Every structure is written in C-alpha cells, then in structure tokens.
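Novice: Here it is, the structure in full.
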Amino acid sequence: MSIISLENLLNLSGKTAIVTGGAAGIGLGIVNRLAEAGANVVIADYDKKEAGVVVKNSRFNLKAINTDVSSEEGVKNLVEETVASFGTIDILVNNAGIFPIVPLSMLTSQDFEKIININLRGVILCAKYVSEQMIKQGRGGRIINITSIDALHPSMAGLAIYDASKHGVWGFTKNIALELAPHKIWVNAIAPGGINTPGTRKMQVPAPVKTKGDISISIADPMSGVPMGRMGEPDEIGKVALFLASDMASYMTGSQVVVDGGFLLK
Ligand SMILES: NC(=O)c1ccc[n+]([C@@H]2O[C@H](COP(=O)([O-])OP(=O)(O)OC[C@H]3O[C@@H](n4cnc5c(N)ncnc54)[C@H](O)[C@@H]3O)[C@@H](O)[C@H]2O)c1
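Everything in the sequence shown is counted per our numbering, starting at 3 for the first residue and increasing by one.
Below, the structure written as structure tokens:
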C-alpha cells in the first residue's frame, strides 16, 4: 500500500457530503471542516432560514436542501437533488437529532414518535437511500452517525427515549457497517459528550422538571463531571468527523469514537 501525504489524506475535493441538521450546532461544525477540506457540502436541515443564512455567509461550496429527515419523501428528494447538483454523494453525516427532557411518567405517544422518528428513523432513511446511491456509483463512501455518550451510558434522568434512540443508532451503525463493507462504504459513529450548541443552551433551564407524583428531575450542570472542566465546541466534533470522512480513517468501520472531554471516565 502506498503512503499518501498528509495533505492528500485530508483532501476531500471532488467529493460531495450531506450533513443533516447542518444549519446549527454540531452539524455546522462538521459542515465547515468538510467544506474546508474541499468537499461540496449539502446542508439538509428543516430550518430553511438558518440554512440559507449559513450558505449566504460561507466562503465554501455549500448548498441548502430543505429536509425533514423523518420524512421518507423528503429524504428521497434530498438524494435526487444532491445528485442533480453535484453528480455524486460520497459522505453522509447523520447528525440531525432532538433531545427533549421527557420523564417517563409524562411521556405521550406524540413525544415518543417524534424522538424516534427524527433520531432513529431519520438516520435509517438517510442511510438507506444514500447507500443505495453510493452502491450505484461504485466508488465506496463514508457514513458517519452522530450518536451520543448516551448510546453507552445515561447522562441524566429524563432522556430515556433519547437514550433508546441513540442505542438504536449505535446498533444500526454496527450492522450496516457489516452489510456495506463489500461495497467499500465504511460506517462509523461519533459519540459526543456535552457540546456547546443552540440545542444544549436551550436545555439549561434553571428549575427542576416536575414529573407525575411530584418527583422532580434536576437538569444536570453540563460542566459537572467533565474531567477537562469544560463543554466541547462544535468544531471539536467537526475535526473528528473530518478524520472519519477522510483517508486518515481508511481501516475503520463499525467503530464509535467517544468525544466527551473524559466524561465517561467518571
Ligand atoms: N450538543 C450536545 O451536547 C450533544 C451531545 C451528544 C449528542 N448530540 C447529538 O448531536 C446532534 C446535534 O446536536 P446539536 O446539539 O448540534 O443540536 P442543535 O439543536 O443545536 O441543532 C440541531 C440542528 O438539527 C436540525 N434538525 C432537527 N431536527 C431535524 C429534522 N427532523 N430534519 C432536519 N434537520 C433537523 C435543527 O434545525 C438544527 O439546525 C444530535 O443528534 C444530538 O443528539 C449532541
């Protein structure tokens, strides 16, 4: 096997990436690093306004395609429009996700369906239609699923359905890594700890969440228990996503990289 220079290992020019939920937070951190490495990047987000602002202000080759990942028609359209614009899809980052705090005693079927539809069904739909396209292209590909440390260990009470969805994504990641390896499609996951994003900033409500029977759940201080003493930044996930999308990770599939400032050590 020939040794590739460091510069070429990280070069994604001529490749096209889709990042779901790429208009903000971790997704945006990933969009910026993949685009800096030369990829055309499609932001597949249901926040049309925010995605438009990101594309307008960027110096990179970005395109926004308004997508709700939980809609099968929406995902099929995402694949068609990406191929019509850029010709191929080489990298998929399944990042879009929600993390509402819903104690079990307060859970409604609407809450349950919404969390599972976006966090698990959305990942499955995007992986299905994008991998079919990658197989047709015949030049391999990369799928990166953003799970969570909650795919391994609960971070706080109130996230039971979220944790179930993320454990599901991790199981799904390993199985499709096996199925897609003959097509040279490598599938890995990144499990972030607490990252400073619009989503986590909204979560930091001061009052405890009341549950039925008046048992309250406290929202964990995001800094407590992080050996590095701080939350992570979206770019710290972006850098790991670039590693997994590039030839730096040429012999990795079915792995989950924990990026949590040491949180799981506690
Ligand atoms: N921030 C953290 O601390 C943290 C930790 C572990 C895992 N994660 C995971 O990382 C991912 C991103 O988290 P974040 O903190 O950046 O979130 P965020 O709420 O800050 O941003 C999420 C983005 O996804 C988009 N989105 C949400 N639902 C969508 C849908 N159905 N279709 C398309 N786009 C959709 C939103 O519009 C937004 O732009 C999620 O999967 C989350 O579970 C986050």
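Ideal placement from N, C-alpha and C gives every residue a C-beta, glycine not left out.
Remember, predicted model here, so these are calculated numbers, not experimental data.
1) Give the range of the beta strand (DSSP E) segment to which Lys-65 is assigned.
2) Who pairs with Ala-19 in a beta bridge, going by DSSP?
3) CA-CA distance, Glu-83 and Arg-141?
4) Determine the closest residue to Ile-93 out of Thr-110, Asn-42, Gln-258, with distance taken between C-alpha atoms.
5) Put Ala-25 into one of helix, strand or coil per three-state DSSP.
6) Among the residues of its own chain, which have a CB less than 7 Å from the CB of Leu-30, if the five just before and after it don't count?
7) Ignore the nearest five residues each way along the sequence and tell me which others in Ala-19's own chain have a CB closer than 6 Å to its CB.
8) Suppose you measure from the CA of Pro-208 to the CA of Phe-88; what does that come to, to the nearest Å?
9) If I'm right that Met-250 touches Ile-187 with Cβ under 8 Å, what's the distance once you round it to whole angstroms?
10) Excluding five sequence neighbours on each side, which residues of the same chain lie with their C-beta closer than 7 Å to the C-beta of Leu-122?
11) Measure the alpha-carbon distance for Asp-2 versus Ala-193 and round it to whole angstroms.
12) For Tyr-160, count neighbouring C-beta atoms within 10 Å of its own C-beta (all shown protein chains included) and say buried if the count is 16 or more, exposed if not.
13) Please give me, in chain order, every unbroken run of the alpha helix (DSSP H) with length at least 4 that falls completely inside the region 105-167.
14) Just to confirm the assignment, what range does the beta strand (DSSP E) spanning Asn-190 have?
15) Where does Pro-208 sit, in a helix, a strand or coil, going by DSSP?
16) Would the beta-carbon of Ala-129 fall within 8 Å of that of Asn-96?
17) Is it buried or exposed, Ser-226, if we count other Cβ atoms within 10 angstroms and call 16 or more buried?
18) Could you check if Gly-173 belongs to the surroundings of ligand 1, using beta carbon to heavy atom distance under 7 Å?
19) Looking only at its own chain, which residues have a Cβ that is under 7 Å from the Cβ of Asn-147, when we skip the five neighbours before and after it?
20) Return yes when the Cβ of Pro-102 is within less than 8 Å of the Cβ of Thr-117, no when it is not.
Specialist: So, to answer that:
1) That run of the beta strand (DSSP E) goes 64-68.
2) BP columns for Ala-19 point to Val-43, Ile-93.
3) For Glu-83 and Arg-141, the gap between their C-alpha atoms comes out near 20 Å.
4) When the alpha-carbon of Ile-93 is set against those of Thr-110, Asn-42, Gln-258, the nearest one is in Asn-42.
5) Ala-25 falls in the coil class under three-state DSSP.
6) Listed in chain order, the non-local C-beta contacts of Leu-30 below 7 Å within the same chain comprise Gly-24, Val-56, Pro-236, local neighbours out to five positions each way being set aside.
7) Closer than 6 Å at Cβ, skipping near neighbours: Leu-36, Ala-41, Val-43, Ile-93.
8) Because the pLDDT at Pro-208 is just 49, under 50, the model does not fix this residue reliably, and the value given afterwards should be weighed accordingly. Looking at the backbone, the Cα of Pro-208 and that of Phe-88 are separated by about 46 Å.
9) Not a contact, Cβ separation roughly 17 Å.
10) The answer, listed in chain order, is Ser-167, Gly-170, Val-171.
11) Nothing about residue 2 can be reported from this structure: the residues present for the chain run from 3 to 268 only.
12) One point to set straight first is that residue 160 is Gly, not Tyr, in the sequence displayed. Here Gly-160 is buried: its Cβ has 16 or more other Cβ atoms, across all protein chains shown, within 10 Å.
13) List check, alpha helix (DSSP H) in window: 111-118, 124-139.
14) Per DSSP, Asn-190 belongs to the beta strand (DSSP E) from 187-194.
15) Confidence is the limiting factor: at Pro-208 the pLDDT is only 49, short of 50, which leaves the residue's position unreliable, though a coordinate-based value still follows. It is coil, neither helix nor strand.
16) Their beta carbons are under 8 Å apart, which means Ala-129 touches Asn-96 by this criterion.
17) If you draw a 10 Å sphere on the C-beta of Ser-226, you find fewer than 16 other C-beta atoms in it, and that means exposed.
18) Gly-173 has its Cβ no nearer than 7 Å to any heavy atom of ligand 1.
19) Contacts found: Asn-96, Val-125, Val-171, Thr-175, Ala-191.
20) First, the residue type needs correcting, since residue 117 is Ile and not Thr in the sequence shown. Against a cut-off of 8 Å, the Cβ pair of Pro-102 and Ile-117 comes out as a contact.
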